[in-house]
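Q:
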Amino acid sequence: MLEQRAPETKDMKVVQQGTLFDKETLEQLKEERRQWEETTVRKSQQRLPEQDNLITTSGVPINRVYTPQDNESLDYSRDIGLPGEYPYTRGVQPTMYRAKPWTMRMFAGFG
24 MLEQRAPETK
34 DMKVVQQGTL
44 FDKETLEQLK
54 EERRQWEETT
64 VRKSQQRLPE
74 QDNLITTSGV
84 PINRVYTPQD
94 NESLDYSRDI
104 GLPGEYPYTR
114 GVQPTMYRAK
124 PWTMRMFAGF
134 G
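So the sequence shown is numbered by my numbering: it starts at 24 and just counts up by one.
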């Protein structure tokens with residue numbers, strides 16, 4: 024198990040963001056990810072190597088981590104939408120679990 028510790032304030036990088044997808048923020052995140060891969064991930068993999076080519080039960084590849092760089096062309100209304108509206112990525116009910124209890128099954132069919 025990896026040791027959990029809060030980073031020292033002096034160690035923390037501050038990413039100044041105008042918007043999540045502005046060019047400067049994406050460049051900062053790209054550099055931060057590169058450093059993360061070279062330090063944190065490399066150290067972790069020396070102790071516990073990760074699986075190659077991890078996929079979901081549906082055969083969809085799973086990346087190690089997802090950042091805004093993975094969806095720079097995201098159109099919120101088209102690709103995500105609001106709960107209870109097409110494309111139903113936020114759930115089939117407008118109030119979902121605020122009004123209706125969780126469905127306790129491994130696959131509930133919402134997606």
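Each residue gets a CB set at the ideal place from its N, CA and C atoms; glycine is no exception.
1. Take Ile78 and list the residues in its own chain whose beta-carbon comes closer than 8 Å to its own, dropping the five residues that flank it on each side.
2. Excluding the 5 residues preceding and the 5 following Leu105 in the sequence, name in chain order all residues of the same chain whose CB lies nearer than 7 Å to its CB.
3. Reducing DSSP to helix, strand and coil, say where Ile78 ends up.
4. Which whole-angstrom value is the C-beta distance of Leu43 and Gln92, which I expect to be below 8 Å?
5. Which same chain residues, not among the five before or five after Glu47, have their C-beta less than 6 Å away from its C-beta?
6. Return helix, strand or coil for Pro2, following the three-state DSSP convention.
7. Measuring CB to CB, does Arg65 end up less than 8 Å from Thr90?
8. Please classify Pro91: does DSSP put it in a helix, a strand, or coil?
9. CB-CB under 8 Å to Thr118, same chain, minus the five flanking residues each way: which ones, in chain order?
A: Reading it off the structure:
1. Indexing the sequence shown from 1 puts residue 78 at position 55. Cβ within range, chain order: Pro84, Ile85.
2. Counting from one through the sequence shown, the residue named residue 105 turns up at place 82. So the list reads Arg113, once near-sequence residues are dropped.
3. Position 55 of the sequence shown, counted from the first residue, corresponds to residue 78. Reduced to three states, the DSSP call for Ile78 is strand.
4. Stepping through the sequence shown from its first residue, residue 43 is reached at position 20. Stepping through the sequence shown from its first residue, residue 92 is reached at position 69. Not a contact, Cβ separation roughly 10 Å.
5. As a working note, residue 47 is residue 24 in the sequence shown. Counting only Cβ-Cβ distances below 6 Å, and skipping sequence neighbours, we find nothing.
6. Given that the chain is displayed from residue 24 to residue 134, the structure contains no residue 2 and the question cannot be resolved.
7. Your numbering for residue 65 matches position 42 in the sequence shown. Your numbering for residue 90 matches position 67 in the sequence shown. Against a cut-off of 8 Å, the Cβ pair of Thr90 and Arg65 comes out as no contact.
8. Within the sequence shown, residue 91 is the residue found at index 68, counting from 1. Three-state DSSP puts Pro91 in a helix.
9. The residue labelled residue 118 in the question sits at position 95 within the sequence shown. Result list for Thr118: Pro106, Gly107, in chain order.
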